[in-house]
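Novice:
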Amino acid sequence: MALYSSKNIAKLILVLNAAANYEPIVSLLPECVLKHYRFLRAAAPDLVAPIKELVRIRCAEHQFAGLPPEMASFLIEAGMFLSLLEQLVEMTLTPERYAQIVINIRAVIEEAESRWAVSGEPCEQAVALISAILDPLERFTGEAKKILSVGTFGHLLVTHAPFLPSSFPDVGKIRSKWAQISEPNRDVAIEKPICFVAGLPCAVKFVASLHNLSESDLRNLRVQVLISSSEAWSDAADVTLTLVLLSDSSQKAVSVPLLDSPSSAQPASVRLRAHPMTRT
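Residue 222 in the UniProt record's numbering sits at position 222 of the sequence shown; the count goes up by one each step and never skips.
This is the structure we're talking about:
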């Protein structure tokens with residue numbers, strides 16, 4: 001698809017937003033559209049919604065227990081690849097930030113290597129990609145020319161895209177990390193708004209049973225609160241409480257939702273309504 005006209009760009013934005021709401025569309029998108037998606041997400045995030053199917057790979061590493069080393073290694077490689085693609089977009093759009101982008105690239109690679117040290121060995125292709133990227137960066141200084149060009153960086157990613165191994169051992173031992181929320185009751189919470197006094201604390205009893213979480217997971221367990229309201233409290237606002245794990249990413253904190261059942265891909269969350277009371 002050529003993006004020489006605003007008409008084509010508008011069509012692409014419509015298609016990508018449709019994919020964000022109906023994920024099976026992702027399987028029909030050609031590679032060129034996925035590349036445009038990454039650029040548009042970086043350039044105009046307010047126009048192009050994130051596609052959960054493409055973001056989900058970042059969560060998969062933390063959403064399951066008992067992953068065999070081969071699968072854990074692949075997920076680390078895929079996450080690193082996506083992060084490097086983001087840096088490629090950044091380098092293309094803001095070349096004046098090259099020095100900071102180099103720092104970010106190093107951080108992405110260092111994080112992946114630290115995960116591999118715990119979870120399993122990287123494959124030969126991942127090692128080759130890291131070596132090819134770091135080689136010119138080792139010769140980079142603040143006053144040097146841009147040794148790692150956009151074209152070279154993009155070519156390395158195209159020729160070193162991750163691919164699944166032919167087989168994974170011990171797949172039957174993989175268990176999802178999930179939670180069953182019993183309070184607030186989902187049926188009652190959405191029908192009966194919680195009234196609170198603006199400016200004062202408001203407590204909500206939250207009870208859930210947790211499954212297949214490690215001690216480290218329990219330390220990183222959080223309740224994510226998302227409030228959405230079209231008006232300034234003229235009506236009760238929707239509040240979504242989601243159980244998440246904070247990943248130990250060196251780039252930025254990533255909230256990885258727990259699943260709501262062993263066989264579901266939906267997050268463990270409950271939706272309620274809240275409305276402020278008038279002080280007397």
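Every residue gets a Cβ at the ideal spot worked out from N, C-alpha and C, and that includes glycine.
Buried or exposed: where does residue 103 fall if 16 or more other Cβ atoms within 10 Å of its Cβ makes it buried?
Specialist: Residue 103 comes out exposed.
Novice: Looking at C-beta atoms only, is the number of pairs between the stretch 113 to 128 and the stretch 58 to 77 that lie closer than 8 Å three or more?
Specialist: A contact exists between the stretch 113 to 128 and the stretch 58 to 77.
Novice: Give me the residue from 196, 89, 203, 184 with the minimum Cα distance to residue 209.
Specialist: Of 196, 89, 203, 184, the residue nearest in Cα terms is 184.
Novice: Is it true that the stretch 90 to 97 meets the stretch 124 to 134, where meeting means three or more beta-carbon pairs spaced less than 8 Å apart?
Specialist: No, the stretch 90 to 97 does not touch the stretch 124 to 134.
Novice: Please report the residue range of the beta strand (DSSP E) in which residue 183 lies.
Specialist: Its beta strand (DSSP E) spans residues 178 to 183.
Novice: As a quick exercise: from 170, 152, 226, 83, pick the residue whose alpha carbon is nearest that of residue 270.
Specialist: The residue with the shortest Cα to Cα distance from residue 270 is 226.
Novice: Going by DSSP in three states, residue 206 sits in which element: helix, strand or coil?
Specialist: Note: residue 206 maps to coil in three-state DSSP.
Novice: Here's the rule I'm using: 16 or more other beta-carbon atoms within 10 Å means buried, otherwise exposed. How should residue 191 be labelled?
Specialist: The residue in question, residue 191, is exposed, as its Cβ has fewer than 16 Cβ neighbours within 10 Å.
Novice: With residue 196 and residue 223 assumed to form a contact (beta carbons below 8 Å), what rounded beta-carbon distance in angstroms separates them?
Specialist: So it is not a contact: roughly 17 Å between Cβ atoms.
Novice: Determine which residues share a DSSP beta bridge with residue 238 and list them.
Specialist: DSSP lists 228, 273 as partners of residue 238.
Novice: Comparing C-alpha positions only, which one of 63, 10, 136, 171 sits nearest to residue 256?
Specialist: Of the listed residues, the one whose Cα sits closest to residue 256 is 63.
Novice: Exposed or buried, residue 277, counting other C-beta atoms within 10 Å across all chains shown (16 or more means buried)?
Specialist: Result: exposed.
Novice: Go ahead and pull the three-state DSSP assignment for residue 250.
Specialist: Residue placement at residue 250 is poorly supported in this model, since its pLDDT is 48, which falls under 50; the coordinates are not used for a value here.
Novice: Who are the near neighbours of residue 220 in its chain, counting only those whose CB is closer than 6 Å to its CB and skipping five residues on each side?
Specialist: Cβ within range, chain order: 245, 246.
Novice: Are residue 86 and residue 169 closer than 8 Å when you measure CB to CB?
Specialist: No. Outside cutoff.
Novice: In chain order, what residues of the same chain have a beta carbon less than 8 Å from the beta carbon of residue 157, not counting five sequence neighbours either side?
Specialist: Around residue 157: 81, 84, 85, 88, 129.
Novice: Helix, strand or coil for residue 161? Go by DSSP, reduced to three states.
Specialist: Coil, per DSSP.
Novice: On a Cα-Cα basis, can you pick out the residue from 264, 91, 110 that is closest to residue 101?
Specialist: Comparing Cα-Cα distances from residue 101 to each of 264, 91, 110, the minimum goes to 91.
Novice: Mapping the DSSP letters down to three states, classify residue 101 as helix, strand or coil.
Specialist: Reduced to three states, the DSSP call for residue 101 is helix.
Novice: Mind checking residue 116: buried by the 16 CB within 10 Å criterion, or exposed?
Specialist: Buried is the call here.
Novice: Taking the beta carbon of residue 267 as the centre, do at least 16 other beta carbons fall within 10 Å, making it buried, or is it exposed?
Specialist: Buried, because 16 or more other Cβ atoms sit within 10 Å of the Cβ of residue 267.
Novice: Just tell me which of 15, 263, 17, 108 has its CA closest to the CA of residue 179.
Specialist: Of 15, 263, 17, 108, the residue nearest in Cα terms is 263.
Novice: Buried or exposed for residue 16, going by 16 or more other Cβ atoms inside 10 Å?
Specialist: With 16 or more Cβ atoms within 10 Å of its Cβ, residue 16 is classed as buried.
Novice: Could you tell me the distance, in whole angstroms, from the CA atom of residue 241 to the CA atom of residue 111?
Specialist: Approximately 29 Å, taken between the alpha carbons.
Novice: Could you check the C-alpha separation between residue 153 and residue 133 for me, to the nearest Å?
Specialist: Whole-angstrom Cα-Cα distance: 7 Å.
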